[in-house]
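Numbering (my numbering), first residue to last: 101 to 345. Notes to accompany the following structure.
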Ligand SMILES: [Zn+2]
């Protein structure tokens, strides 16, 4: 008998527009279609994502606007209910107390059962990709906001006076880990993931991403009974009944 966990409200926290689509788009599309409310938080608006020699600093706000539009389009395809942009500067993100506090406020506001984010421990992937420091910073701040500050009454006590009571997140889904313990079958939503990712046309080679995503998801599903997967390390912070499939 297989059981599959289905949360009611989830929050995705990532550094840049497109990070979410690359990593957890299949899971979000699947959960949204099963009735889950998705809140998508993007910490920077990707305003440094261009190496066009004809563009300078004055292009940054233009690029931010374009990338937010692309993120909105992707979120619509995935079935995201709420889209939040925090508008920190792209490429300069740090896991500060200020960022942790703002994420804590968002978690207390939207009350997700699950937060999904990247792996704050990941410096390198394979031999060709040094993880972007913004990814590590976003993931670290997200994990630290989930625990302990979202659920601890007297951490960021000024949030209480703003009306934000503590909220305990039940599960933390960390993607991009070399030691996953949970695989979400995304066979039915892999094409939606690809389509969502293709909305980031200013950043990704639209014609190539289908093969990339399917190759990765097939690799993630190796030795599993389904074709495509997204894999996670899941921290179960609060136990609850699982839904039987
Ligand atoms: Zn990124």
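C-beta atoms are modelled at their ideal positions from N, C-alpha and C, and glycine is treated no differently.
Query	Result
Residue environment, residue 324, which counts as buried when at least 16 other CB atoms sit within 10 Å	exposed
Other residues of its chain near residue 253: CB distance less than 6 angstroms, five sequence neighbours each side excluded	266
Proximal residues to residue 283 (C-beta, below 6 angstroms), its chain only, five neighbours per side dropped	324, 329, 331
Residue 154 classed as buried or exposed, judged by whether at least 16 other C-beta atoms fall within 10 angstroms	exposed
Coil, strand or helix - residue 301 by DSSP	coil
Minimum length 4: unbroken alpha helix (DSSP H) runs contained in the segment 254-302	258-261, 290-297
8 angstroms Cβ cutoff met for residue 286 and residue 246	no
Which of helix, strand or coil DSSP assigns to residue 193	coil
Sub-8 angstroms separation of residue 114 and residue 217 beta-carbons	yes
Closest Cα partner of residue 337 within the set 243, 302, 170, 112	243
Residue nearest to residue 192 in terms of C-alpha spacing, selected from 201, 133, 321, 233	233
Residue 116 beta carbon near ligand 1 (any heavy atom closer than 7 angstroms)	yes
Local Cβ density within 10 Å of residue 158, reported as buried at 16 or more and exposed below that	exposed
Cβ-Cβ distance between residue 150 and residue 117 below 8 angstroms	no
Cβ-heavy atom distance, residue 232 to ligand 1, below 7 angstroms	yes
Endpoints, beta strand (DSSP E) assigned at residue 112	109-114
Backbone CA spacing between residue 258 and residue 205 [nearest angstrom]	10 angstroms
Whole-Å CB distance - residue 297 paired with residue 185, under 8 angstroms assumed	The Cβ separation is near 18 angstroms, so there is no contact.
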